[in-house]
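Asks: For reference, the structure I am asking about is given below.
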Amino acid sequence: MMKLKNKTVLITGGSSGIGLALSKVLIQKGNKVIICGKSNEKLLDAKKIMPQIITYQCDLSDSQQCSDLARKITAFHPDLNVLINNAAIVNKIDFIRDENVVELAEKEYQTNLVAPIRLIKLLYHNISAQDDSAIINITTGLIFAPRVIYPFYNSSKSALHSFTQTLRIRLKDEKTKVFEVMFPAVDTPWHKGTPPKIAISAEAAVSEMIKGLEKGNTEIKVGGAKMLYILSRLAPSFALRKVNEIQ
Ligand SMILES: NC(=O)c1ccc[n+]([C@@H]2O[C@H](COP(=O)([O-])OP(=O)(O)OC[C@H]3O[C@@H](n4cnc5c(N)ncnc54)[C@H](OP(=O)(O)O)[C@@H]3O)[C@@H](O)[C@H]2O)c1
11 MMKLKNKTVL ITGGSSGIGL ALSKVLIQKG NKVIICGKSN EKLLDAKKIM
61 PQIITYQCDL SDSQQCSDLA RKITAFHPDL NVLINNAAIV NKIDFIRDEN
111 VVELAEKEYQ TNLVAPIRLI KLLYHNISAQ DDSAIINITT GLIFAPRVIY
161 PFYNSSKSAL HSFTQTLRIR LKDEKTKVFE VMFPAVDTPW HKGTPPKIAI
211 SAEAAVSEMI KGLEKGNTEI KVGGAKMLYI LSRLAPSFAL RKVNEIQ
């Protein structure tokens, strides 16, 4: 069971979409919430809605900025006990036609995979010294069946899933719990105004995530992600076809 009250929580990418909705709920529940994001404007907008939120501007794909953030968090918020690796990017790619795919791959892997690993490594010492501490990694139902238009996004999140599984085993005798939340399509700015028809609201996604955490589920498959998981186990080729037909 994971109690989400009186915690100090760092949510990467807390200035938009799911991270922003999560920040609102966690503040309402009486937690101290720290967020980071690339755009200072979005961080200021978040602060307008939630004056008590603590913000740090940081490009997590830049190793130096990511390490600087960890240093500031350790210095100014030694009570940090929950890290939520939520920030991510996605590129729609035609691997054969597009020219700059390797650069896009590097950026996606740095943001979606290396930054969470770096933050965990740099903040673990601090987090693990606190009671009731947790690391929560955000992934997607697409780790079970990848979409062809997102070749690096699927694979960066699959790698994060695999890393999360091994981290959970490594920490099984430690106080810090390791969670993963797999979201289905969620209607956020991520989809640039054209979310898939099946997308659920950020509020519904966050509410299911919190229910799962409070129950103590370590792998929380939200909404359609659960169905995709089952389908990918029972009929993998069918699941792959269906996921690539989503409009
Ligand atoms: N929306 C979906 O359909 C969906 C489905 C499954 C899983 N997810 C997962 O849910 C999480 C949140 O997605 P969302 O839909 O809420 O996306 P979103 O609205 O685009 O928000 C992404 C957040 O990440 C931050 N971010 C991105 N790159 C960053 C970087 N290099 N450094 C620091 N911050 C960075 C963004 O800040 P800036 O804009 O300032 O860079 C923003 O705050 C992601 O992990 C995503 O993979 C989403």
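Okay, so the sequence shown: first residue is 11 according to the numbering used here, each after it adds one. Ideal Cβ positions, reconstructed from N, Cα and C, are used throughout, including at glycine.
1. Compute the Euclidean distance between the alpha carbons of aspartate 89 and arginine 243, then round it to the nearest angstrom.
2. Can you list, in chain order, the residues of its chain whose CB lies under 8 angstroms from that of serine 247, leaving out five sequence neighbours each side?
3. Using 8 angstroms as the cut-off, can you tell me whether the region 212–227 makes contact with the region 123–132, which would need three or more C-beta pairs spanning the two stretches below that distance?
4. Got a sec, what are the start and stop residues for the alpha helix (DSSP H) methionine 192 sits in?
5. Among Ala155, Ile159, Thr150, which has the Cα closest to the Cα of leucine 170?
6. So is methionine 11 buried or exposed if we call it buried at 16+ other beta carbons inside 10 Å?
7. Helix, strand or coil: which one does DSSP assign to alanine 235?
8. Can you find at least 3 beta carbon pairs, one from the region 88–102 and one from the region 140–156, that sit closer than 8 angstroms?
9. Nearest by alpha-carbon distance to histidine 135: which of Gly222, Thr186, Glu109, Glu118 is it?
10. Going by other Cβ atoms of all chains shown within 10 Å of its Cβ, with 16 needed for buried, is proline 8 buried or exposed?
11. May I have the straight-line CA-CA distance separating lysine 236 from leucine 152, to the nearest angstrom?
12. Beta strand (DSSP E) containing glycine 47: first to last residue?
13. Return the chain-ordered ranges of every alpha helix (DSSP H) run that is complete within the region 104–167 and spans a minimum of 4 residues.
14. Determine the extent of the beta strand (DSSP E) in which glutamine 67 is found, giving its start and end residues.
15. Comparing alpha-carbon positions, which option in Glu51, Gln175, Ile148 lies nearest asparagine 164?
16. What number of angstroms, rounded off, separates the C-alpha of lysine 57 from the C-alpha of valine 43?
17. Looking at the structure shown, is isoleucine 240 part of a helix, part of a strand, or coil, going by DSSP?
Replies: Taking the geometry as given:
1. 41 angstroms
2. none
3. no
4. Careful: methionine 192 lies outside any alpha helix (DSSP H), inside the beta strand (DSSP E) at 187–193.
5. Thr150
6. exposed
7. helix
8. yes
9. Thr186
10. Summary: the structure shown does not reach residue 8, with the chain confined to residues 11 through 257, and so no result is reported for it.
11. 11 angstroms
12. 42–47
13. 111–119, 125–138
14. 64–67
15. Ile148
16. 11 angstroms
17. helix
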